[in-house]
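Going by this note's numbering, the first residue of the sequence shown is number 0, and it counts up by one from there.
Positions of the beta carbon are idealized from the N, C-alpha and C atoms, including for glycine.
Let me begin by presenting the structure, written as structure tokens, before commenting on it.
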Amino acid sequence: MFFRACVAAALCSFGCSGVSERASDSEAYGFEPGSRTVWVRGPWAEVEPSRDVDAVIDQLCPAVLKLPRARERDYGQEYCGLIYSLGDGIYQASEGSPLGETQLVGASRRKSCFSPRRVVDGRGRAVPIADFHSHPWAPSPMSPKDLKASNQRWLVRIQFDTSCRIQKLIPYVGETRPGEVYEREGHRWRLVGLIRPEDKELGRITTVDGEGG
Ligand SMILES: [Zn+2]
Numbered sequence: 000m001f002f003r004a005c006v007a008a009a010l011c012s013f014g015c016s017g018v019s020e021r022a023s024d025s026e027a028y029g030f031e032p033g034s035r036t037v038w039v040r041g042p043w044a045e046v047e048p049s050r051d052v053d054a055v056i057d058q059l060c061p062a063v064l065k066l067p068r069a070r071e072r073d074y075g076q077e078y079c080g081l082i083y084s085l086g087d088g089i090y091q092a093s094e095g096s097p098l099g100e101t102q103l104v105g106a107s108r109r110k111s112c113f114s115p116r117r118v119v120d121g122r123g124r125a126v127p128i129a130d131f132h133s134h135p136w137a138p139s140p141m142s143p144k145d146l147k148a149s150n151q152r153w154l155v156r157i158q159f160d161t162s163c164r165i166q167k168l169i170p171y172v173g174e175t176r177p178g179e180v181y182e183r184e185g186h187r188w189r190l191v192g193l194i195r196p197e198d199k200e201l202g203r204i205t206t207v208d209g210e211g212g
């Protein structure tokens, strides 16, 4: 950490601005050396581990909304993290990372986060099952980019907006069955859309009037 901080300080002496560059020195998340790939630390103390993955998912939005600028709309910040286990059947969440691409949205500057590829947990080998990310507005469901097959790395993707409307994507990448999009309603998941195999590449949803799943 000391070494990393020195390197960052040296780089920043050439002219860094804003929090985004300094954020990579945080112990909660960072870029893998020499790459754009993000790692995140786990477990996140704000989220209670559970054998019920839905119990973990339900804690994510309130925890993320406490992070800086998480709900500031066009001036807001998206956060990305992972849900994982250490192979013991207990699910936990990593810290949320703001690291990502700087984008211009209208006249404002915001960042959309990169989905992390690795959890660093000192207790053992972390196996991610899902990624999660926030949008700093509401209503704001998953975008076609969020849903595209080429952007899926895990079995499940979780997304929520500032009203804590939670969506769950089961992408079934490379399978002939359609992808499934659910919304959290109380303690159940309601199927709201399917992504037909031919639509997976573009992430296009076919809306359904569905039952829980
Ligand atoms: Zn998104």
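ask   = If you compare alpha carbons, which of L66, E47 and K65 is closest to D57?
value = E47
ask   = Roughly how many whole angstroms lie between the Cα atoms of A22 and K199?
value = Any reading at A22 is ruled out, since the residue's pLDDT is 41, under 50, leaving its predicted position unreliable.
Check Q170 in the structure and name its three-state DSSP category.
The displayed chain sequence assigns Pro, not Gln, to residue 170. P170: coil per DSSP, three-state reduction.
*Please report how far the alpha carbon of T101 lies from the alpha carbon of D208, in whole angstroms.*
37 Å
Looking at the structure shown, is S139 part of a helix, part of a strand, or coil, going by DSSP? coil
First and last residue of the uninterrupted beta strand (DSSP E) at I56: Where I56 is concerned, there is no enclosing beta strand (DSSP E), although the alpha helix (DSSP H) it sits in stretches over V52 to V63.
Fill in: Other residues of its chain near S84: CB distance less than 8 Å, five sequence neighbours each side excluded
Y90, Q91, A125, V126 and I128
* Which partner residues does S34 have in the DSSP bridge list? -> Answer is none; S34 lacks a bridge partner.
Worksheet item: Near R183, which residues of its chain fall below 6 Å by C-beta distance, leaving aside the five closest residues on each side in sequence?
Response: I165
task = Check whether the Cβ of Q76 lies closer than 8 Å to any heavy atom of ligand 1, and answer yes or no.
result = no
*Are L193 and P143 close, meaning C-beta to C-beta below 9 Å?*
no
How would you write the range of the beta strand (DSSP E) that V119 sits in, first residue to last?
-> R117 to V119
* Asked: Alpha carbon to alpha carbon, what distance is there between P170 and E77?
  -> 21 Å
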